[in-house]
Amino acid sequence: MILGYQYSDLEGTKRNAELSERLFVSQKAAVDGSKPVRGGIPVVFPCFGAPTHPDHARLNQHGFARNSVWNWDGTSIDEKDYVSIQLTLKPTEAIAAVYSKPFLLTYVVTLSEFDLKTDLHVQNTSTSVDNLEFHALFHNYVRAPSADVLVGPLQGFPYYDKTESTEEGKSTPKVEARAGVDVKKFTDSVYENANGKYEVTWPGGGLDIATSNLKDVVVWNPQETGRKIGDMEENGWENFVCVEPGYVRGFVNLEAGGSWTGGQTLSVVHEERLPNL
Numbered sequence: 001m002i003l004g005y006q007y008s009d010l011e012g013t014k015r016n017a018e019l020s021e022r023l024f025v026s027q028k029a030a031v032d033g034s035k036p037v038r039g040g041i042p043v044v045f046p047c048f049g050a051p052t053h054p055d056h057a058r059l060n061q062h063g064f065a066r067n068s069v070w071n072w073d074g075t076s077i078d079e080k081d082y083v084s085i086q087l088t089l090k091p092t093e094a095i096a097a098v099y100s101k102p103f104l105l106t107y108v109v110t111l112s113e114f115d116l117k118t119d120l121h122v123q124n125t126s127t128s129v130d131n132l133e134f135h136a137l138f139h140n141y142v143r144a145p146s147a148d149v150l151v152g153p154l155q156g157f158p159y160y161d162k163t164e165s166t167e168e169g170k171s172t173p174k175v176e177a178r179a180g181v182d183v184k185k186f187t188d189s190v191y192e193n194a195n196g197k198y199e200v201t202w203p204g205g206g207l208d209i210a211t212s213n214l215k216d217v218v219v220w221n222p223q224e225t226g227r228k229i230g231d232m233e234e235n236g237w238e239n240f241v242c243v244e245p246g247y248v249r250g251f252v253n254l255e256a257g258g259s260w261t262g263g264q265t266l267s268v269v270h271e272e273r274l275p276n277l
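Residue numbers (the UniProt record's numbering): 1 to 277.
The structure is reproduced here in structure tokens:
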């Protein structure tokens, strides 16, 4: 099922036929709009992490989409196959105070029996020659035992390890050697130009994630550093891994009047299986 917070962490919980939760939401998460929801699938726009683009200088980490109030723009239901909802976000007075670019975001979420599909449509609504440069990312909190979960196939892909810094203070570049990426220790890795299809597997089940137009993926779990996160439930890091498809190495660049769409489909894996990584 979906818990519909009308800001951009829309999918609080999804259950399959066996009533197994597939998305994690912290028991201490704020659901009143006072801060982003700790869990579900927060939408990251227009910056990932701390702002690095001049247009984003006044924004908080991960931008404003994940804790803005979106407008409900309709529901589509096929009783046999799916239910789909559409939300929109455009500049409000609060957004315009920290971000001057014109835009229109349309977020479409489609739930079928075993799949959850999310699509983010971005339009540059400028009437001048002003380009829109942005990051976009789905911050999936996959409910899984962090001691046992593996993510792949990422072997051979370059990534940036944000838990280690170079002498210049930048994330350490590496190449993934593991067939299955674990999160048994603090993990914050940004994989660049990955393959767009991922398996998240643990004893008893898993999720497949297929993406469109999202060239990068982030794997994150804070482990014991999660104690410093105010809205993290006790030992909550033991119960999830974040697998976050996005476009975050470099910026999407839209000319005035242009549009861009990035999407993902999360599919429930029912049978217990060994990782096919």
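For glycine and all other residues, C-beta sits at the position ideal for the given N, C-alpha and C. Values in this document were obtained by computation on a predicted structure and should not be read as measured data.
Taking only the alpha-carbon atoms, compute the straight-line gap between residue i and residue j and give it to the nearest angstrom.
i: Asn193; j: Tyr159; result: 9 Å
i: Val241; j: Thr187; result: 10 Å
i: Ser26; j: Glu133; result: 32 Å
i: Asp9; j: Thr166; result: Caution applies to Asp9, whose pLDDT of 47 falls short of 50 and renders its modelled position unreliable; the value that the coordinates give is listed next. Distance between the alpha carbons of Asp9 and Thr166: 33 Å.
i: Ser259; j: Ala177; result: 36 Å
i: Thr163; j: Glu79; result: 46 Å
i: Pro46; j: Ser34; result: 19 Å
i: Pro153; j: Pro245; result: 13 Å
i: Glu234; j: Asp130; result: 46 Å
i: Asn239; j: Trp220; result: 12 Å
i: Thr172; j: Asp73; result: 42 Å
i: Asp32; j: Tyr247; result: 28 Å
i: Leu137; j: Arg249; result: 11 Å
Between the options, which lies nearest to residue i when the distance is taken from Cα to Cα?
i: Val218; options: Asp148, Gly196, Gly204 and Gly230; result: Gly196
i: Leu266; options: Phe251, Tyr247 and Ser212; result: Ser212
i: His135; options: Phe186, Val252, Glu168 and Arg58; result: Val252
i: Ser20; options: Ser165, Phe157 and Val142; result: Val142
i: Asp55; options: Thr92, Trp220 and Ala96; result: Ala96
i: Val268; options: Ser189, Leu116, Pro153 and Asp81; result: Leu116
i: Ser76; options: Pro51, Gln155, Leu111 and Arg249; result: Leu111
i: Val243; options: His139, His62 and Ile229; result: His139
i: Pro36; options: His53, His62, Pro51 and Phe48; result: His62
i: Lys170; options: Asp81, Val44, Phe24 and Thr52; result: Thr52
Excluding the 5 residues preceding and the 5 following residue i in the sequence, name in chain order all residues of the same chain whose CB lies nearer than 8 Å to its CB.
i: Ser128; result: Ala256
i: Val98; result: Arg58, Leu59 and Phe64
Could you round the C-beta distance between residue i and residue j to whole angstroms and report it? I think they count as a contact, below 8 Å.
i: Val149; j: Val83; result: Going by Cβ atoms, the distance from Val149 to Val83 rounds to 28 Å, so no, they are not a contact pair.
i: Arg22; j: Ala29; result: Incorrect: roughly 17 Å between the Cβ atoms, too far for contact.
i: Trp237; j: Ser146; result: 6 Å
Please work out which residues of its chain come closer than 7 Å, Cβ to Cβ, to residue i, disregarding the five sequence neighbours upstream and downstream, and give them in chain order.
i: Asp119; result: Val108, Thr261 and Gly263
i: Ala17; result: Confidence is the limiting factor: at Ala17 the pLDDT is only 41, short of 50, which leaves the residue's position unreliable, though a coordinate-based value still follows. If we look at Ala17 and ignore the five residues flanking it on each side, it has no Cβ neighbours.
i: Leu104; result: Thr88, Lys90, Gln123 and Thr125
i: Ala144; result: Val200, Trp202, Phe240 and Val241
Excluding the 5 residues preceding and the 5 following residue i in the sequence, name in chain order all residues of the same chain whose CB lies nearer than 6 Å to its CB.
i: Phe157; result: Glu176, Tyr191 and Ala194
i: Ala210; result: Lys197 and Thr265
i: Ile85; result: Thr75 and Val109
i: Ser189; result: Tyr159, Asp161 and Val219
### Message
Between the segment 213–231 and the segment 69–76, can you find at least three pairs of beta-carbon atoms closer than 8 Å?
### Response
Between the segment 69–76 and the segment 213–231, the count of Cβ pairs shorter than 8 Å is below three; the stretches do not touch.
### Query
Quick one: any contact between the segment 180–187 and the segment 204–213, if contact means 3 or more CB pairs under 8 Å?
The segment 180–187 makes no contact with the segment 204–213, as fewer than three CB pairs between them are under 8 Å.
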